[in-house]
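Which chain is which? The protein sequence lines are Z and W, in order.
For what it's worth, numbering that gives the first Met the number 0 labels the leading residue of the first sequence as 0, then goes sequentially.
For what it's worth, numbering that gives the first Met the number 0 labels the leading residue of the second sequence as 0, then goes sequentially.
There are 2 protein chains.
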Amino acid sequence: MTSETGVLDISYLKARRKEIDILLDKYLPPVEKYPHRLHEAMRYSVMAGGKRIRPILAMTAYEACGGKNPDLINPASCALEIVHTYSLIHDDLPCMDDDDLRRGMPTLHKKFDEATAVLAGDALHVLAFQLAAESGSIEVVKEFSQAIGTNGMLGGQMADVEAEGKVIDLEKIQYIHAHKTGALLRASVRIGGILAGVSKAELGKISLYGERIGLAFQIIDDILDIEGEQEKLGKQVGSDCRNQKATYPGVVGIEKARTEAHQLIDEAIDVSRSLNGNGEKFILIARYIGQRDR
Amino acid sequence: MTSETGVLDISYLKARRKEIDILLDKYLPPVEKYPHRLHEAMRYSVMAGGKRIRPILAMTAYEACGGKNPDLINPASCALEIVHTYSLIHDDLPCMDDDDLRRGMPTLHKKFDEATAVLAGDALHVLAFQLAAESGSIEVVKEFSQAIGTNGMLGGQMADVEAEGKVIDLEKIQYIHAHKTGALLRASVRIGGILAGVSKAELGKISLYGERIGLAFQIIDDILDIEGEQEKLGKQVGSDCRNQKATYPGVVGIEKARTEAHQLIDEAIDVSRSLNGNGEKFILIARYIGQRDR
């Protein structure tokens, strides 16, 4: 997994990303189809790139658990990326984080307009459920809606909005991170497992893995907002501080945040080793999240 | 159905509305549960009242088609009302229609704030899918997502936004109405039929009924925005005109619009008479839509 020089071999992630980009292009409605502007806006945001970590997690979990049908896991995996994109579009709106830059390009409401950004976010939200339903599994649709509702992602977003400019404690920032980012990452591996029909015990382990990398992912995101390079990240650095956002380093300090992120990654790797299926790829993804600089 | 004095007996609709209000209260997350403000906002908009025409249509269709399990049709029916509410919340936003009044009360972004309105809309959107999934039918989830995506409701909303201030033709206004309002009303009856396992032929007739009342409903909405009483409607009249919105009377004139609405209602009644199940209630709903003044 790691070459002799210590550099992580991410060819698996690159290949998957390519595969996912092709699938997303296939699942998004064509611009030629009416209403053109709405379809154009949806594509603008989804096809702007990104790590595609959520669909990669779902596909990896599905295959590790013995799943064999790409026609079921592909739409479900892309649903996760599409819901992530919708959440970013609404998060970037002037009444929310008011961000101008995303993945090195103008945010959707800057490139188009606010009304189109609201509707394109809504349209991606529906499309995600449409694709989740294509998996043929009502359990997947349920898992999905739990992860992104007020018990999950939206609960975290609301808490994040409410925490702005306030002094918050460790418990609150953990709630925000576990819900705003963690819930969807956890659901990504779980959906792969559920669709492959994995045992309850194994699903429990997979969920634990998802929780650990989910929290680590967001802590590292916060650190990158302080120390990262704008060029690599494709978004403004320091925006959390400017917007008086609640962040992990803001609560525990940057060194402790870094230590905790690495500890979470180590725990995720330990869980990966205890899995029945091929844990190698889970380890790779955990290491990748631990090392990322964008 | 109509008493000797020609007044429509709507006790069935009133009883159903009461039943639906109790169900909605049960399905909405409690305010006591964190994040309180988000749950409060969701309840504010959903429990503000309304005709509950979409869940009534779904329940009526389900029972007329022989469906017997309230545990399946109840959540699916309420999902329709909840998605309707989310669409109104986002539609009322300053970047969209910028409305201050809805059902006689301040719109959600006026009562709370814009960020909360965006998130509460999103949260109701997820909740709707969660409830649709509780029907246990993946077909229902698919029908639902088709009706509210860019091929349905959102396509109509985008076209509506784009048409503002422009001269549009009959074809365009028909597209807007059939999609923005019609698609969800059509889906309401279809979901009842699908969940009851109705035959394809019967589902075709039900769909036709849904299309006719859907278009009539929106034409009458446009007429009420010109001629209605603000007090009864609970929203500002004349707002379409002020916002330079595309309306049916604006394209064909108010008299022709009225004639067409009545013709659509008559056609819906004709279809109701050809149904296997009890068409009486379908006729009542069509008549009610034709006569409504709010």
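All C-beta atoms in this analysis are idealised placements derived from N, C-alpha and C, irrespective of residue type, glycine included.
Residues bridged to residue i [DSSP beta-bridge criterion]
| i | result |
| --- | --- |
| M104 (chain Z) | Z:R101 |
Close-in-space but distant-in-sequence residues of the same chain around residue i (CB under 6 Å, 5 per side omitted)
| i | result |
| --- | --- |
| G209 (chain W) | L184, R185, V188 |
| A127 (chain W) | A78, I81, V82 |
| I19 (chain W) | R51, P54 |
| G191 (chain W) | A57, A60, Y61 |
| L202 (chain W) | G192 |
| V250 (chain W) | L169, I172 |
| A182 (chain Z) | A146, G151, M152 |
| K234 (chain W) | L100, R101 |
| I282 (chain Z) | I268, S271 |
| S76 (chain Z) | P54, A57, M58 |
| V30 (chain W) | H38, E39 |
| L207 (chain Z) | V270 |
Own chain residues within Cβ distance below 8 Å of residue i, not counting five before or after
| i | result |
| --- | --- |
| K13 (chain Z) | none |
| T1 (chain Z) | Its pLDDT being 46, under 50, T1 (chain Z) is placed unreliably by the model, and nothing is read from it. |
| R211 (chain Z) | L263, I264, E266, A267, V270, A285 |
| A177 (chain Z) | G155, E210, G213, L214 |
| E113 (chain Z) | L92, P93 |
Burial state of residue i (16 or more Cβ within 10 Å)
| i | result |
| --- | --- |
| A63 (chain Z) | buried |
| K280 (chain W) | buried |
| A200 (chain W) | exposed |
| V140 (chain Z) | buried |
| V160 (chain W) | buried |
| I205 (chain Z) | buried |
| R241 (chain Z) | exposed |
| K66 (chain W) | Here residue 66 (chain W) is Gly; the residue named in the question, Lys, does not match the sequence. Burial call: buried. |
| V125 (chain Z) | buried |
| D304 (chain Z) | Outside the displayed span of chain Z (0 to 293) sits residue 304 (chain Z), for which this structure offers no information. |
| N299 (chain W) | Chain W is shown from 0 up to 293; residue 299 (chain W) falls before or after that span and cannot be answered. |
| R15 (chain Z) | buried |
| S273 (chain Z) | exposed |
| I21 (chain Z) | exposed |
| T258 (chain Z) | exposed |
| S144 (chain W) | buried |
| K17 (chain Z) | exposed |
Among the options, the one whose alpha carbon lies nearest that of residue i
| i | options | result |
| --- | --- | --- |
| P28 (chain W) | Z:D159, Z:D168, Z:I205, Z:G151 | Z:G151 |
| S238 (chain W) | W:M95, W:G65, W:C77 | W:M95 |
| V11 (chain Z) | Z:L56, Z:H35, Z:L23 | With the sequence shown as reference, residue 11 (chain Z) is identified as Tyr, and Val is not the correct amino acid for it. Considering only alpha carbons, the answer is Z:L56. |
| V82 (chain W) | W:L71, W:G148, W:R102, W:I21 | W:G148 |
| A162 (chain W) | Z:G233, Z:P34, Z:A182 | Z:P34 |
| D70 (chain W) | W:K25, W:H261, W:K234, W:M157 | W:K25 |
| V166 (chain W) | W:S273, W:G278, W:D99, W:T246 | W:T246 |
| E138 (chain W) | W:D97, W:A195, W:D98 | W:A195 |
| L130 (chain W) | W:R101, W:A158, W:P74, W:D99 | W:P74 |
| L23 (chain W) | W:L100, W:M41, W:L207 | W:M41 |
| K32 (chain Z) | W:A260, W:G252, W:A158 | W:A158 |
| S86 (chain W) | Z:D121, Z:G164, Z:G227, Z:V30 | Z:D121 |
| V236 (chain W) | W:L207, W:S144, W:D98, W:K17 | W:D98 |
| G164 (chain Z) | Z:F111, Z:G48, Z:Q243 | Z:Q243 |
| R36 (chain W) | W:F111, W:G48, W:A47, W:I72 | W:F111 |
Cut-off 7 Å between Cβ atoms - residues of its own chain near residue i, not counting five sequence neighbours on either side
| i | result |
| --- | --- |
| F216 (chain W) | T180, L184, I288 |
| P248 (chain Z) | D221, I222, I225, A256 |
| Q290 (chain W) | L7 |
| S198 (chain Z) | none |
| E3 (chain W) | Note that E3 (chain W) has pLDDT 47, beneath the 50 cutoff, so the model's placement of it is unreliable and the number below is only indicative. Hits under 7 Å: none found. |
| E142 (chain Z) | A186, R189, I190, I193 |
| N295 (chain Z) | The requested residue 295 (chain Z) does not occur in the structure, where chain Z is confined to residues 0 to 293. |
| T84 (chain Z) | S44, V45, L123 |
| I175 (chain Z) | G155, A158, D159, A162, A245 |
| I253 (chain Z) | I222, I225 |
The ligand ATP heavy atom lying under 7 Å from the CB of residue i
| i | result |
| --- | --- |
| L126 (chain W) | As presented, the structure is devoid of all ligands, the ligand ATP included, so that no description of it is given. |
- request: Answer yes if the segment 108-117 of chain W comes into contact with the segment 128-137 of chain W, meaning at least three C-beta pairs across the two stretches below 8 Å, and no otherwise.
  value: Short answer: they don't touch.
- prompt: Given 8 Å as the limit, is there contact between the segment 104-113 of chain W and the segment 52-60 of chain W, that is, 3 or more CB pairs closer than that?
  reply: Contact fails: fewer than three Cβ-Cβ distances are below 8 Å.
- request: Please confirm if the segment 212-225 of chain W is in contact with the segment 90-99 of chain W, defined as three or more CB-CB distances below 8 Å between the two stretches.
  value: As far as the Cβ criterion goes, the segment 212-225 of chain W does not touch the segment 90-99 of chain W, which means the pair count is below three.
- prompt: Using Cβ-Cβ distances below 7 Å, what residues of the segment 92-108 of chain W are close to chain B?
  reply: Here the protein chains are Z and W, and chain B is not one of them.
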